[in-house]
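Undergrad: Handing you this structure, nothing more for now.
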Amino acid sequence: MKKKHISHKSQTDWDRVDKLRDKDIDFSDNPEVTPEMFAKAVLRKGLKPVVRKTQVTLRIDEDVLTWFKKQGRGYQTRINSLLKAYKEAHQNESGRTSA
């Protein structure tokens with residue numbers, strides 16, 4: 004198999020970008036931010052930090068994975084929720100609360 008050459012050098016023309024004026028930037032593909040959007044915004048200041056997820060490789064029976072994928076978008080989140088519920092149920096059974 005032939006190795007791909009991957010360049011880590013930016014291909015962006017930064018000189019051109021630096022010379023752009025605000026009025027020259029095309030924002031047509033960005034939606035306008037409305038007051039309603041701000042009203043729905045969530046400020047996380049003072050809240051518990053969002054739990055980070057770790058990417059893993061996991062071997063799952065093909066029929067199980069196919070079933071979850073057929074449920075549509077978010078199947079990985081649903082698998083995570085089931086695993087979390089299992090963990091919490093077994094922690095409660097044994098009296099342990101630490102991970």
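For the sequence shown, the working numbering gives the first residue as 4, with consecutive numbering after it. Ideal placement from N, C-alpha and C gives every residue a C-beta, glycine not left out. Remember, predicted model here, so these are calculated numbers, not experimental data.
Which residues in the same chain have their Cβ closer than 7 Å to the Cβ of Ile82, if we skip the five residues on either side of it in sequence?
TA: Position 79 of the sequence shown holds residue 82. Within the same chain, Ile82 has close Cβ partners Phe71.
Undergrad: How is Ile82 classed by DSSP in three states: helix, strand or coil?
TA: Indexing the sequence shown from 1 puts residue 82 at position 79. Reduced to three states, the DSSP call for Ile82 is helix.
Undergrad: Cα separation between Val45 and Leu86?
TA: Working through the sequence shown from its first residue, we reach residue 45 at position 42. Working through the sequence shown from its first residue, we reach residue 86 at position 83. Taken atom to atom, the span from the alpha-carbon of Val45 to that of Leu86 is near 27 Å.
Undergrad: Say yes only if the C-beta of Val59 is nearer than 7 Å to one or more non-hydrogen atoms of the ligand MN, and no if none qualify.
TA: Absent from the structure shown: the ligand MN. Ligands present: none.
Undergrad: Check Lys11 in the structure and name its three-state DSSP category.
TA: The residue given as residue 11 occupies position 8 in the sequence shown. For the record, residue 11 in the displayed sequence is His; it is not Lys. His11: coil per DSSP, three-state reduction.
Undergrad: Where does Glu35 fall in DSSP's three states?
TA: Along the sequence shown, read from residue 1 onward, the residue named residue 35 stands at position 32. Of the three classes helix, strand and coil, the one that applies to Glu35 here is coil, per DSSP.
Undergrad: By how many angstroms is the C-alpha of Arg47 removed from the C-alpha of Tyr89?
TA: Here residue 89 refers to the residue found at position 86 of the sequence shown. Here residue 47 refers to the residue found at position 44 of the sequence shown. Spanning the two alpha carbons is a distance of roughly 28 Å.
Undergrad: With distances taken Cα to Cα, identify the nearest neighbour of Val67 among Val59, Lys56, Gln79.
TA: In the sequence shown, counting from the first residue as 1, residue 67 sits at position 64. Of the listed residues, the one whose Cα sits closest to Val67 is Gln79.
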